[in-house]
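These notes are about the structure you will find just below.
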Amino acid sequence: MMRPAPCRPRGFTLIEVLVALAVVAVALAAGMRALAQSADAAATLKLRTLALWVAQNRLAQAQLQSPWPAPGTTAGGEVQASVTLAWRETVSATPNPAFRRIEIVVTQPDVPEYALARLAGYLGNASR
Numbered sequence: 079m080m081r082p083a084p085c086r087p088r089g090f091t092l093i094e095v096l097v098a099l100a101v102v103a104v105a106l107a108a109g110m111r112a113l114a115q116s117a118d119a120a121a122t123l124k125l126r127t128l129a130l131w132v133a134q135n136r137l138a139q140a141q142l143q144s145p146w147p148a149p150g151t152t153a154g155g156e157v158q159a160s161v162t163l164a165w166r167e168t169v170s171a172t173p174n175p176a177f178r179r180i181e182i183v184v185t186q187p188d189v190p191e192y193a194l195a196r197l198a199g200y201l202g203n204a205s206r
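Using the numbering used here, read the sequence shown as starting at 79 and increasing by one per residue.
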């Protein structure tokens with residue numbers, strides 16, 4: 079007569095549990111990294127949008143300026159949505175004397191070499 083095999087409790091071994099925990103840890107780390115990159119990208123997009131608005135405002139002001147702007151470079155700062163941004167605009171002559179080219183670069187005051195927005199436009203002088 080054969081005896082039945084003794085019942086051993088079923089479950090996971092320590093190695094299986096450690097491997098499962100390692101897989102979960104890697105997956106959670108990757109998820110957190112993706113979430114952090116997404117949040118950083120959203121903040122950068124907001125900053126670039128605000129910088130573009132500043133550049134568009136400066137171009138509109140230059141178009142409305144009563145005495146035609148002289149060629150040269152001017153700089154200043156502007157606050158947009160509680161964010162302080164620095165702008166630099168360069169007005170230059172064109173081959174047609176009735177037009178001037180204006181280029182506006184917007185940066186963060188603490189990182190002036192990194193342009194958040196760059197906008198170029200042309201100003202016309204109807205009296206010429």
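Cβ atoms here follow ideal geometry from the backbone N, Cα and C, with glycine treated the same way. Computed from a predicted structure; not experimentally measured.
Looking at the structure shown, is S170 part of a helix, part of a strand, or coil, going by DSSP? Strand.
Could you spell out the range, first to last residue, of the alpha helix (DSSP H) harbouring T127? 92-142 is the extent of the alpha helix (DSSP H) around T127.
Using 8 angstroms for Cβ pairs, my map puts A133 next to V184. What's the rounded Cβ distance? A133 to V184, Cβ: 5 angstroms. Contact.
Cβ atoms of N203 and F177: under 9 angstroms apart, would you say? Going by beta carbons, F177 and N203 fall inside the 9 angstroms limit.
Taking all protein chains shown into account, decide if E167 is buried (16 or more other Cβ within 10 angstroms of its Cβ) or exposed. By the C-beta density criterion, E167 is buried, having at least 16 other C-beta atoms within 10 angstroms.
Roughly how many angstroms separate the alpha carbons of S144 and L130, rounded to a whole number? Each residue's alpha carbon lies about 24 angstroms from the other.
I'd like the span of the beta strand (DSSP E) that includes T195, first residue to last. The question names Thr, but residue 195 is Ala in the sequence shown. Taken as a continuous stretch (DSSP letters only), the beta strand (DSSP E) holding A195 covers 189-202.
A148 - DSSP class collapsed to helix/strand/coil: The answer is coil: DSSP assigns A148 none of H, G, I, E or B.
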